[in-house]
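A.B. asks: Note that the protein sequences, when read in sequence, are chains U and D.
With the first sequence counted from 1, adding 76 to any position gets you the working numbering.
With the second sequence counted from 1, adding 3 to any position gets you the working numbering.
Pasting a structure below so you can have a look.
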Amino acid sequence: MDDLLDHFIVEARELIQQATDDLLALERNSDAASHIDGAFRAVHTLKGSVGLFDFAPMGLALHAAEDLLGGMRAGRAAKHGAAIDELIGCINQTERWVDAIERTGHLPAEAAEEGYRLARALRLQLDEEAIRREAPDSEADLGWIEEAFGPRLASAALRAEATPLVALRYIPRADCFFAGDDPLALLQSVPDLRAVRISNRNPWPPAAEMDPFSCNLVIEALSGTVLDAVKAVFRFVPDQVTIHEIAPGAAISGHAPASHDATRDTVSATSGSGTRMLRIDAARIDRMADLVGEMVVAKNALAHLVGQVGDGSGRKDLLQGLHASQATIDRLVAEMHRAVMDIRLMPMQDIFRRFPRAVRDISGQLGKTVDFSIEGEDVEADKSVVEGLFEPLLHVLRNAVDHGAESENQRVAAGKPGRTRIVLRARRVGDRVLIEVDDDGRGIDPSVIRRVARERNVAPAEELDRMSDAEAVDLIFAPGFSTAAEVTDVSGRGVGMDAVRATIERLGGHASVQSTRGAGTTIRLALPVSVAMTRIMAVRVSGELYGLPLDHIVETVLLPASRVLPVRDAEAFVLRDRTLPLIRLAGLLGLPPGPEAASGMKIVVMAVGDELVGIAVDGFAERIDALMRPLSGILSGMSGVMGTTLLGDGSVLMILDIPELLG
Amino acid sequence: MSVRLAGDAIVLEGPCRVEDAEPLLSLLQAGPDRTVDLTEASHLHAAVVQVLMALRPTLKGTGQDGFLKTWIIPALIGAESGDTPPEDG
Numbered sequence: 077m078d079d080l081l082d083h084f085i086v087e088a089r090e091l092i093q094q095a096t097d098d099l100l101a102l103e104r105n106s107d108a109a110s111h112i113d114g115a116f117r118a119v120h121t122l123k124g125s126v127g128l129f130d131f132a133p134m135g136l137a138l139h140a141a142e143d144l145l146g147g148m149r150a151g152r153a154a155k156h157g158a159a160i161d162e163l164i165g166c167i168n169q170t171e172r173w174v175d176a177i178e179r180t181g182h183l184p185a186e187a188a189e190e191g192y193r194l195a196r197a198l199r200l201q202l203d204e205e206a207i208r209r210e211a212p213d214s215e216a217d218l219g220w221i222e223e224a225f226g227p228r229l230a231s232a233a234l235r236a237e238a239t240p241l242v243a244l245r246y247i248p249r250a251d252c253f254f255a256g257d258d259p260l261a262l263l264q265s266v267p268d269l270r271a272v273r274i275s276n277r278n279p280w281p282p283a284a285e286m287d288p289f290s291c292n293l294v295i296e297a298l299s300g301t302v303l304d305a306v307k308a309v310f311r312f313v314p315d316q317v318t319i320h321e322i323a324p325g326a327a328i329s330g331h332a333p334a335s336h337d338a339t340r341d342t343v344s345a346t347s348g349s350g351t352r353m354l355r356i357d358a359a360r361i362d363r364m365a366d367l368v369g370e371m372v373v374a375k376n377a378l379a380h381l382v383g384q385v386g387d388g389s390g391r392k393d394l395l396q397g398l399h400a401s402q403a404t405i406d407r408l409v410a411e412m413h414r415a416v417m418d419i420r421l422m423p424m425q426d427i428f429r430r431f432p433r434a435v436r437d438i439s440g441q442l443g444k445t446v447d448f449s450i451e452g453e454d455v456e457a458d459k460s461v462v463e464g465l466f467e468p469l470l471h472v473l474r475n476a477v478d479h480g481a482e483s484e485n486q487r488v489a490a491g492k493p494g495r496t497r498i499v500l501r502a503r504r505v506g507d508r509v510l511i512e513v514d515d516d517g518r519g520i521d522p523s524v525i526r527r528v529a530r531e532r533n534v535a536p537a538e539e540l541d542r543m544s545d546a547e548a549v550d551l552i553f554a555p556g557f558s559t560a561a562e563v564t565d566v567s568g569r570g571v572g573m574d575a576v577r578a579t580i581e582r583l584g585g586h587a588s589v590q591s592t593r594g595a596g597t598t599i600r601l602a603l604p605v606s607v608a609m610t611r612i613m614a615v616r617v618s619g620e621l622y623g624l625p626l627d628h629i630v631e632t633v634l635l636p637a638s639r640v641l642p643v644r645d646a647e648a649f650v651l652r653d654r655t656l657p658l659i660r661l662a663g664l665l666g667l668p669p670g671p672e673a674a675s676g677m678k679i680v681v682m683a684v685g686d687e688l689v690g691i692a693v694d695g696f697a698e699r700i701d702a703l704m705r706p707l708s709g710i711l712s713g714m715s716g717v718m719g720t721t722l723l724g725d726g727s728v729l730m731i732l733d734i735p736e737l738l739g
Numbered sequence: 004m005s006v007r008l009a010g011d012a013i014v015l016e017g018p019c020r021v022e023d024a025e026p027l028l029s030l031l032q033a034g035p036d037r038t039v040d041l042t043e044a045s046h047l048h049a050a051v052v053q054v055l056m057a058l059r060p061t062l063k064g065t066g067q068d069g070f071l072k073t074w075i076i077p078a079l080i081g082a083e084s085g086d087t088p089p090e091d092g
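Here is the structure:
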C-alpha cells in the first residue's frame, strides 16, 4: 500500500471521528452552530481527500452529506431526527469503506450501489423547495475554489500570473430554463475565461426519469478579468452566483476551511486495529534529538577514557573519569527513557470518543434509552494500555446497556428517571489509571449469579454457598459464566467478561465489579499508566528476592524489635507520633519467617490508598529500573503480583502488588 | 430543427436551444448507444448540455464555436470521466 493511501486512511479515520462527534453533539443540541460547522468541515475535507483516489461512490455519498450539512448551516434543512440519522449512516458506511480500503486497497464491489443510495437518501433531506432557493455559499467558504481549480492554480502557468484571478461558482435555479435563462450563454459572456468546470448538483436520475427542463448544473469558472466585469455578467442572477477574487499565486488553502482540528497538538494515534501510527508534538521529538546529541558527546568521552587506558595513565584519574562518564550516561538514559515514555502517552480521549456512537447504536438496537457521558478523557496512559482498553470497554458498555439498563417503564415504576445513566470515567490514581463504567440500572442479583454459576458448573456448589454476595457477583468474570444461552444480538458473540478480565490482566491491571441490586453496577478497571519501565526496589524475604514498586514507597526505617506494639492479633509501630500497622511480608506471602536481625527490623513504609503501612522485610537490596512484564500463561491468574522482570543475572524477580495482597 | 437522427448518430446543428433538450433526450432514451455528433453545432444550451452529461452518449466532433470547443466539450468529457455517478460495478 502506498504512502499516500496510508495517510489517507489515518486522516480519514480522524475526520470520521470528528464528524461523528459533531453529529452526536448536534443530535443532543440541534442549535449548536459550531457542531454543524465542525461536521461540515470534516466531511468537506474528507470528500476532498477521497477525490485523490478512485473511490467515486464514497465521494458521491460524502458530497451529498456535505450539501445536506451546508443546507443545515444555511437553515434550509432540518437539523434533527431523520437528517442526522442519514448523516450518521453515511459516516458509518464511510468508516466501513475505509476499513475495506485498508484491508484490500479498494472499495468493495457493492459500494457503487450503496454510495448512490446514500447520496439519494441524503438529498431527500434537503427539501425540494430549499434546493430551488439554493443560496450562494457564505463568504467564508472558499473551499470549492480549491476543490474545483486547486491543481490548476498550482500549475506554473497560472501561478506566474501577475494579475488577480476571479473565481465564480454559478448554481442556476432549478427552474431557470423557464425564466428564459441559458446559464452557458451567461458563462460565455464572462471575459477572459481561464478554466471551466461543469458538474451536476444532485446525482443524475436514471435516463427514463430525467427531466430535461429542471436545471441540475453547477458551473465553476476562473477568469482573468476584474471582479466588477464578472459581477456585471451575473447582475440579473446575483442570488445564484458566488464570486471571489484570488490574489496572484495565493495559496487558496489559507482561506479554505481548516482541515484539521488545531487543538490536537500533542500525541494522537489512530484507533484502528491495524494502523500503528503516532502523531507527535514536534517539541517532544526536538527534545529527543537534543538528548541523542548529548549521548554522542558522552560516548566520545568514554572513547577518550578507553584511549587513556592504552596510554597507561594514572589509575585514579581513570576511575574518576569512568565514574563521571557513567553518571552522565545514567542521567541521559533516564531522560531518554522519560522522553520516549512521554511520546507513548496518549489521552483516553482517543478511544473514548468512539464510544458515544457505539452506545447510541447498541441502545438503539435494544430499544433502551440511555444517557451516556464521559469524564476524564484527557487522562493519559501508555499507548498500548489505551489501545488495549477499547475492546474490553466496548464489551462492558454493551453489558451495561444490555443487562444493566431496564426498560423505561420498569425504571419509572421503580421511581427512577426514565433514561438509564451510564458514565464512563477515567482517573489517574498514583501510577495507575482507574477506568470505571458506572450505570444506575437494575444491578446484579447475587442469587441469580449463584443459580447460573451452579447450572454452568462455574464453581462447586458448596463453594458457591460459602461465597459472600460480593464474591458471587465477581463470578461474572469467571470463565464459562456467560454462554450462548444468554447471547443476544448485542452482548455475547463468544466474548464474555472473562475475556475482559484476561485482557485487562494482560495489560498489567485488574478488573473488579461492585453492584447494588436495583441501584446499579460499577465495573472498575485499574491499569498501570505505563507498562514499560517501573522503578523497583528489591527486598529480601526468607532468602528470596521480591520487587516493590518504588512509587509507593515513602521511606525505609530500621525499627528496634522493642518498638513493635501488638494490637489484638496484629502488630503496629509508632513512626514520628503516628501509629502505623505493621505487616510482615513473609507472613503475607505465606513464607517461613526469616532470622530476626539483632540490629532491628527493616521496614518499608508504603502508601496504600490514603494509609501508610509498614512492611517488614529481611533486607533491602538495590533499586532498579525494570522493564516490567505483565503476568502471562499460568501466572496470569496469580493475585498480588503486578508483573515480573528479569534481573541482570537472568533470574526472575516478581514485583508485588501490596495493596492487592493486603486486600 | 437542430436535432436530427442520421443512422445511428444524433446530429446537433447550429445553435441548440432549450427546446432541443427534450427531442435529444427522447432519441437517447430510445437508443442509448447512439453517438451524438457535435461537428456542426455552434452553441449548446445548458439544458442540452445537462442531457449529454446525464446520459453520457459517445460524443463526436468539437463544434463550430471557440467557446464550445475550448470550454464546454472538454468540461463535458471531464464530467463524464470524473463527476458522474457510476451506475454499476
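Virtual Cβ for every residue (Gly too), placed ideally from N, Cα, C.
These figures come from a predicted structure and were not determined experimentally.
With 16 other CB atoms within 10 Å as the buried threshold, where does Asp-296 of chain U fall?
C.D. replies: Per the sequence shown, the amino acid found at residue 296 of chain U is Glu instead of Asp. If you draw a 10 Å sphere on the C-beta of Glu-296 of chain U, you find 16 or more other C-beta atoms in it, and that means buried.
A.B. asks: Should Gln-486 of chain U go down as buried or exposed, given a rule of 16 or more other Cβ atoms within 10 Å for buried?
C.D. replies: exposed
A.B. asks: Can you give the Cα-Cα distance for Ala-283 of chain U and Leu-30 of chain D, rounded to whole angstroms?
C.D. replies: 11 Å
A.B. asks: Going by C-alpha distance, which of U:Ile-734, U:Leu-100 and U:Leu-729 is nearest Ile-167 of chain U?
C.D. replies: Ranking the options by Cα distance to Ile-167 of chain U, first place goes to U:Leu-100.
A.B. asks: Determine the chain D residues that contact Asn-292 of chain U at a beta-carbon separation under 7 Å, and present them in chain order.
C.D. replies: Gln-53
A.B. asks: On a Cα-Cα basis, can you pick out the residue from U:Arg-474, U:Met-677, U:His-182 and U:Pro-669 that is closest to Leu-641 of chain U?
C.D. replies: It is U:Met-677.
A.B. asks: For Glu-186 of chain U, which of U:Arg-199, U:Leu-198, U:Val-462 and U:Arg-172 has the nearest alpha-carbon?
C.D. replies: U:Arg-172
A.B. asks: Which residues bound the beta strand (DSSP E) around Gln-590 of chain U?
C.D. replies: 586-592
A.B. asks: Taking CB distances under 8 Å as the criterion, tell me whether Val-119 of chain U reaches chain D.
C.D. replies: no
A.B. asks: Tell whether a beta-carbon distance below 8 Å holds between Met-543 of chain U and Phe-557 of chain U.
C.D. replies: no
A.B. asks: Do you know offhand how far Arg-273 of chain U's Cα is from Asn-105 of chain U's?
C.D. replies: 38 Å
A.B. asks: Given 8 Å as the limit, is there contact between the region 410-422 of chain U and the region 434-453 of chain U, that is, 3 or more CB pairs closer than that?
C.D. replies: no
A.B. asks: Counting only Cβ pairs nearer than 7 Å, list the residues of chain U close to Leu-28 of chain D.
C.D. replies: Met-286 and Pro-288
A.B. asks: Mind pulling the chain D residues with CB within less than 8 Å of Ile-319 of chain U?
C.D. replies: Here the premise fails: no neighbours, minimum Cβ distance about 18 Å.
A.B. asks: Only counting the same chain, and skipping five residues up and downstream in sequence, which positions put a Cβ closer than 6 Å to that of Glu-411 of chain U?
C.D. replies: Leu-367
A.B. asks: Between the region 250-274 of chain U and chain D, which residues of the former have a C-beta closer than 7 Å to a C-beta of the latter?
C.D. replies: Phe-253, Asp-258, Pro-259, Leu-260, Gln-264, Leu-269, Val-272, Arg-273 and Ile-274
A.B. asks: Short of 8 Å in beta carbon distance, which residues of its chain neighbour Ser-347 of chain U, apart from the five on each side in sequence? Order them along the chain.
C.D. replies: With a pLDDT of 36 at Ser-347 of chain U, under the threshold of 50, the modelled position of this residue cannot be trusted; read the value that follows with caution. Closer than 8 Å at Cβ, skipping near neighbours: Arg-89, Gln-93, Asp-426, Ile-427, Arg-430, Glu-463 and Phe-466.
A.B. asks: Let's test the definition: count the other Cβ atoms within 10 Å of the Cβ of Gly-491 of chain U and tell me whether it reaches 16, buried, or not, exposed.
C.D. replies: exposed
A.B. asks: Go through its chain and collect everything with a Cβ distance to Arg-7 of chain D's Cβ below 6 Å, but skip five positions before and after it.
C.D. replies: Val-14
A.B. asks: Please state whether the Cβ-Cβ distance between Leu-473 of chain U and Val-435 of chain U is less than 8 Å.
C.D. replies: yes
A.B. asks: Name, please, each residue of chain U whose Cβ falls closer than 7 Å to the Cβ of Leu-47 of chain D.
C.D. replies: Leu-260
A.B. asks: Step through the CB atoms of chain U and report whether any lies within less than 8 Å of the CB of Gln-32 of chain D.
C.D. replies: yes
A.B. asks: Within the same chain, show all residues whose beta-carbon is closer than 8 Å to that of Ala-255 of chain U, passing over the 5 residues directly before and after it, in chain order.
C.D. replies: Arg-249
A.B. asks: At the 8 Å Cβ level, is Val-21 of chain D part of the contact set with chain U, yes or no?
C.D. replies: yes
A.B. asks: Where does Cys-19 of chain D fall in DSSP's three states?
C.D. replies: strand
A.B. asks: Along chain U, which residues have their Cβ under 9 Å away from the Cβ of Ala-12 of chain D?
C.D. replies: Residues of chain U whose Cβ lies closer than 9 Å to the Cβ of Ala-12 of chain D do not exist; the shortest such Cβ separation is about 18 Å.
A.B. asks: Around the C-beta of Lys-94 of chain D, are 16 or more other C-beta atoms found within 10 angstroms, so that it is buried, or is it exposed?
C.D. replies: With chain D covering 4 to 92 only, the question about residue 94 of chain D has no answer from this structure.
A.B. asks: If Gly-517 of chain U sits next to Gly-585 of chain U, beta carbons under 8 Å apart, how far is it from one beta carbon to the other, in whole angstroms?
C.D. replies: Not really, about 24 Å apart at Cβ, beyond 8 Å.
A.B. asks: Can the beta-carbon of Gly-670 of chain U be found closer than 8 Å to that of Asp-694 of chain U?
C.D. replies: Cβ atoms of Gly-670 of chain U and Asp-694 of chain U: closer than 8 Å.
A.B. asks: Is it the case that the Cβ atoms of Leu-41 of chain D and Met-286 of chain U are separated by a distance below 8 Å?
C.D. replies: no
A.B. asks: Taking Cβ positions, are Val-461 of chain U and Leu-626 of chain U nearer each other than 8 Å?
C.D. replies: no
A.B. asks: Relative to chain D, which residues along the region 161-179 of chain U have a C-beta separation below 7 Å, given in chain order?
C.D. replies: none
A.B. asks: Would you say Arg-152 of chain U and Leu-202 of chain U are within 8 Å of each other, going by their C-beta atoms?
C.D. replies: yes
A.B. asks: What residues from chain U crowd round Ala-44 of chain D, counting only those whose CB sits closer than 7 Å?
C.D. replies: Within 7 Å Cβ-Cβ: nothing; Ala-44 of chain D doesn't reach chain U, min ~12 Å.
A.B. asks: For a test of the three-state rule: what should DSSP assign to Met-682 of chain U, helix, strand or coil?
C.D. replies: strand
A.B. asks: Got a sec: is the Cβ-Cβ distance from Ala-233 of chain U to anything in chain D below 8 Å?
C.D. replies: Unreliable placement is indicated for Ala-233 of chain U, whose pLDDT of 42 sits below 50; the coordinate value is still reported in the next sentence. It does not; no Cβ of chain D falls within 8 Å.
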